[in-house]
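2 protein chains.
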Amino acid sequence: MNAGPARLPQSHVTLEYCRELGVELQVFTNQNANAYIYHESSAALAGKPMRWRTAKADVYGYISELLAKATDQGALDARLTAQDKERLIAFLQSFGAIKGKADGYAYTGTDRRGYSVEPGAAFDDGTVLGPVPTLSDVIASGVGQRFAFEFGYDQAMLMFQPVGGMDAIPYALAKAIGQNRITYGAKALEVKDLPDGAEVTYKDAGGRTRTRRADFVVAAMPPMVMARLKHNLGTDITAALKYAVPTPVGKIGLEYRSRWWETDEHIYGGITPTDTDLATIWYPSYGHQGRRGTLIGYYHFGADAVAYSDLPHAQRLARAVSRGVKIHGDKYRTELDHSFSVAWHRTPHIEAGWVDWPSQTGPEYKLLNRPAGHVYFAGDWLSHVIAWQHGAFTSARKVVTDIHERVMAA
Amino acid sequence: MNAGPARLPQSHVTLEYCRELGVELQVFTNQNANAYIYHESSAALAGKPMRWRTAKADVYGYISELLAKATDQGALDARLTAQDKERLIAFLQSFGAIKGKADGYAYTGTDRRGYSVEPGAAFDDGTVLGPVPTLSDVIASGVGQRFAFEFGYDQAMLMFQPVGGMDAIPYALAKAIGQNRITYGAKALEVKDLPDGAEVTYKDAGGRTRTRRADFVVAAMPPMVMARLKHNLGTDITAALKYAVPTPVGKIGLEYRSRWWETDEHIYGGITPTDTDLATIWYPSYGHQGRRGTLIGYYHFGADAVAYSDLPHAQRLARAVSRGVKIHGDKYRTELDHSFSVAWHRTPHIEAGWVDWPSQTGPEYKLLNRPAGHVYFAGDWLSHVIAWQHGAFTSARKVVTDIHERVMAA
Ligand SMILES: Cc1cc2nc3c(=O)[nH]c(=O)nc-3n(C[C@H](O)[C@H](O)[C@H](O)COP(=O)(O)OP(=O)(O)OC[C@H]3O[C@@H](n4cnc5c(N)ncnc54)[C@H](O)[C@@H]3O)c2cc1C
Ligand SMILES: Cc1cc2nc3c(=O)[nH]c(=O)nc-3n(C[C@H](O)[C@H](O)[C@H](O)COP(=O)(O)OP(=O)(O)OC[C@H]3O[C@@H](n4cnc5c(N)ncnc54)[C@H](O)[C@@H]3O)c2cc1C
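These protein sequence lines are chains A and B, in that order.
Numbering follows UniProt numbering, in which position 85 of the first sequence is assigned residue number 85; successive positions increment by one, without gaps.
Numbering follows UniProt numbering, in which position 241 of the second sequence is assigned residue number 241; successive positions increment by one, without gaps.
Right, dumping it as structure tokens:
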């Protein structure tokens with residue numbers, strides 16, 4: 001099970017398992033209006049972190065202005081009735097906080113951007129954050145490209161995380177199953193299909209090689225790891241297992257002596273996406289207002305993950321902190337206490353964050369979703385919800401059901 | 001302090017007081033992709049609750065289609081350069097999940113809408129929720145008019161609530177001040193300004209009338225309640241106090257034997273706005289996956305609040321439940337256990353949810369923000385953040401600072 005900020009969508013079957021297993025949950029914050037978007041490579045606004053709320057206000061404001069103008073000028077009359085147009089413009093005025101027809105539906109800013117001086121008592125009516133960047137700059141900044149993330153079916157609020165960390169789930173599963181039924185520290189070396197069962201040879205925690213026989217075997221390892229095991233399931237199985245493409249993934253945890261992102265920047269959880277090699281910075285969704293806290297300093301994939309993982313930890317850290325300072329200032333360095341990084345693709349027995357299939361309709365994927373004699377495969381990689389426990393749970397459930405039906409029919 | 005779902009924005013000073021006072025906080029969910037929007041009076045989609053995620057996918061999809069079309073056809077060339085246009089269309093493709101130029105940038109649906117059959121293991125690739133309503137119907141439904149709520153400075157995620165309820169804050173304040181310094185159950189009857197101080201006459205908890213004298217008095221009652229107290233502060237003060245317009249507000253709490261909204265509908269917190277007289281239904285932000293739970297069955301203002309508050313509780317309940325059944329089905333009635341309703345405008349000593357000022361720049365508001373001799377006024381109603389504790393805290397701080405400076409200068 002993975003570490004770091006990890007989250008469970010409301011609709012995933014994982015939540016049902018958590019309920020059944022008694023895993024305590026807390027809210028996970030996947031989005032936060034006060035977190036930033038940081039784009040340093042776009043000419044406009046370059047290197048200026050922008051709050052999500054400000055980015056949304058400006059993008060929604062300007063697209064509302066543009067669409068209201070085009071609608072009003074009749075540019076969309078082929079698609080819109082007179083009544084559609086009226087209602088659409090009313091929506092855009094609410095959505096974008098734009099001016100009326102007399103002012104050309106102009107977007108000129110809104111308090112949704114945030115304040116440079118908070119409103120308060122008596123005559124403190126607040127100073128809205130300014131100045132508003134131009135339409136051209138807002139479009140060029142690319143901040144709007146970040147918005148779709150939170151519309152994603154698996155990423156939309158609300159989300160959860162187990163109290164104490166994701167491994168609360170496997171611990172609860174092990175308890176429900178009975179720990180005495182599980183052989184820990186066993187490394188499978190060979191899987192053999194037999195005429196009336198299957199056999200696994202493994203090295204136990206003490207280093208002794210053992211063989212165990214069963215009616216069926218479910219191999220729930222990552223496919224590229226399984227592909228290198230000795231087996232008698234055929235070369236087409238090996239080829240199919242190798243067909244899945246592993247994704248390099250890395251994270252770094254940065255433990256701070258203070259929760260400066262909360263006290264100084266009012267960011268309680270959420271994500272700052274960047275166009276640097278950090279990809280994203282994640283703020284913790286628990287321990288709010290506590291004394292210390294741990295950020296995720298990067299959570300990145302592919303080439304970025306490989307580049308960082310090629311470095312020793314101290315250099316990964318230095319590089320990550322140098323990027324973070326540009327967003328959060330010196331405290332990103334000065335308040336730092338401990339750190340820890342993981343490169344999943346360099347982790348033995350895991351060897352990737354997850355895998356991608358070039359095709360999930362081709363013969364390879366089909367083959368692995370059928371039993372190879374008495375040997376079955378399971379894992380999130382055999383699902384349409386890869387990189388989520390929902391995929392792993394539904395795959396496990398499917399295989400268990402398949403075996404059950406096979407035995408009942410025999 | 002108010003009851004029911006109540007929330008603290010990240011940026012409000014209230015959070016700082018909570019930290020200082022040691023008030024434990026939990027995340028409050030002000031928005032949720034799985035909650036509904038329910039509009040029964042719009043012809044299109046009438047009476048069909050629509051998930052927020054579905055409403056957003058469709059509205060964002062269609063407005064992206066429209067704006068991409070208009071942009072591509074040159075309708076906005078006066079406002080956009082060639083490069084702006086290219087980047088804007090790239091943004092709209094991500095924002096709206098629309099097709100490419102060859103397909104007229106059409107919006108034809110997206111898995112952001114949600115699924116009627118969840119994706120899962122092996123060949124279960126899920127069935128995206130359909131059918132997609134027409135552009136005209138989506139616009140006519142008015143669902144998009146709900147989106148701006150969560151862009152509001154005070155309403156954007158992330159939000160908090162004190163564990164145990166809002167009154168954790170006044171309890172913590174009382175403890176910090178020293179409960180022995182507070183006279184509970186005392187009803188002020190008269191406030192008198194004196195040449196060298198001020199005097200309050202009140203009825204104590206035992207029904208005895210007493211008078212107490214001090215260098216200064218801070219009156220922190222609602223303005224329309226204060227306006228009826230006996231005082232010697234002048235008729236202009238009374239008139240100014242009466243100038244604030246009280247807002248009727250009502251809520252009903254519905255306690256259920258099960259958390260069907262979580263188990264059956266995957267709604268963990270958030271709000272369902274409606275165009276019925278309920279205004280909104282709120283799902284609880286805590287106790288997730290527990291056995292029982294309490295919904296807010298309405299949270300409404302103005303005429304709706306008055307209409308319900310004119311009824312006895314049993315009739316308020318029956319009316320609220322009959323509306324809720326249309327959104328959530330029979331379990332909204334059958335799972336109900338207990339209920340409780342509050343009409344703030346009928347609550348003695350409070351007499352409103354909050355007040356509005358016809359003007360905060362006129363003489364009335366100005367007058368009350370100055371001391372009347374040795375008598376000061378304080379409350380959220382003397383701030384630019386009315387109906388939030390931030391307003392009350394900043395107003396209190398301002399008055400205390402004013403008195404401090406006056407005494408220091410004397
Ligand atoms: C960085 C990261 C973030 C993630 N975030 C989330 C998230 O937020 N939410 C979510 O739901 N999911 C998340 N996931 C995905 C989730 O972790 C996986 O879906 C889940 O762990 C898959 O479960 P599994 O049992 O199929 O495989 P795994 O958990 O990968 O288990 C495979 C097991 O096989 C073992 N193994 C390998 N070789 C051998 C051998 N030779 N002998 C014996 N055992 C062997 C491995 O040690 C491992 O324990 C994330 C994954 C990563 C890497
Ligand atoms: C339904 C509702 C929902 C709200 N939701 C939120 C929210 O989510 N977040 C948030 O931050 N704020 C919220 N608020 C606003 C918040 O409750 C107020 O801002 C805050 O309570 C104001 O504090 P105050 O001390 O100024 O006034 P109050 O809390 O109104 O206190 C005034 C006090 O004066 C007392 N009083 C009246 N007459 C007399 C008398 N003659 N003698 C002695 N005492 C008297 C009253 O009994 C009362 O205790 C909500 C309010 C309501 C009504």
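Glycine included, every Cβ here is placed at the ideal spot set by N, Cα and C.
Is it buried or exposed for residue i, if we count other Cβ within 10 angstroms and need 16 for buried?
i: B/Asp264; result: exposed
i: A/Ile182; result: exposed
i: B/Lys101; result: exposed
i: A/Glu150; result: buried
i: B/Val249; result: buried
i: B/Ser339; result: buried
i: A/Val143; result: buried
i: B/Met221; result: buried
i: B/Met408; result: exposed
i: A/Thr209; result: exposed
i: A/Met1; result: Any reading at A/Met1 is ruled out, since the residue's pLDDT is 33, under 50, leaving its predicted position unreliable.
i: B/Thr361; result: exposed
i: A/Thr235; result: exposed
i: B/Pro312; result: exposed
i: B/Ser395; result: buried
i: A/Gln31; result: buried
Would you say residue i faces chain B, with C-beta separation under 8 Å as the test?
i: A/Gly293; result: no
i: A/Asp356; result: no
i: A/Met166; result: no
i: A/Lys99; result: no
i: A/Tyr107; result: no
So, residue i versus residue j, is the Cβ gap smaller than 8 Å?
i: B/Val217; j: B/Ala198; result: yes
i: residue 411 of chain A; j: A/Ala90; result: Given a span of 1 to 410 for chain A in the structure shown, any question on residue 411 of chain A remains unanswerable.
i: B/Leu66; j: B/Pro133; result: no
i: B/Gln289; j: B/Glu255; result: no
i: B/Thr110; j: B/Gly61; result: yes
i: B/Ala172; j: B/Gly22; result: yes
i: B/Ile252; j: B/Gly178; result: no
i: A/Phe160; j: A/Arg7; result: yes
i: B/Thr81; j: A/Ser136; result: yes
i: B/Ala240; j: B/Leu367; result: yes
Quick one: is residue i near chain A, going by C-beta distance under 8 Å?
i: B/His288; result: yes
i: B/Glu364; result: no
i: B/Tyr153; result: yes
i: B/Pro162; result: no
i: B/Gln389; result: no
i: B/Asn34; result: yes
i: B/Lys398; result: yes
i: B/Gln315; result: no
i: B/Tyr17; result: no
i: B/Ala6; result: no
i: B/Arg79; result: yes
i: B/Tyr268; result: yes
Using a threshold of 7 Å, is the CB atom of residue i nearer than that to any non-hydrogen atom of ligand 2?
i: B/Gln389; result: yes
i: B/Ala220; result: yes
i: B/His384; result: no
i: B/Asp304; result: no
i: B/Thr127; result: no
i: residue 411 of chain B; result: Outside the shown range of chain B, which is 1 to 410, sits residue 411 of chain B, and nothing can be said about it.
i: B/His349; result: yes
i: B/Lys187; result: yes
Taking 7 Å as the cut-off, is the CB of residue i close to at least one heavy atom of ligand 1?
i: B/Trp52; result: no
i: A/Leu173; result: no
i: A/Thr14; result: yes
i: A/Asp356; result: no
i: A/Trp344; result: yes
i: B/Val375; result: no
Could you check if residue i belongs to the surroundings of ligand 3, using beta carbon to heavy atom distance under 7 Å?
i: B/Asp380; result: The model on display carries ligand 1 and ligand 2 but not ligand 3.
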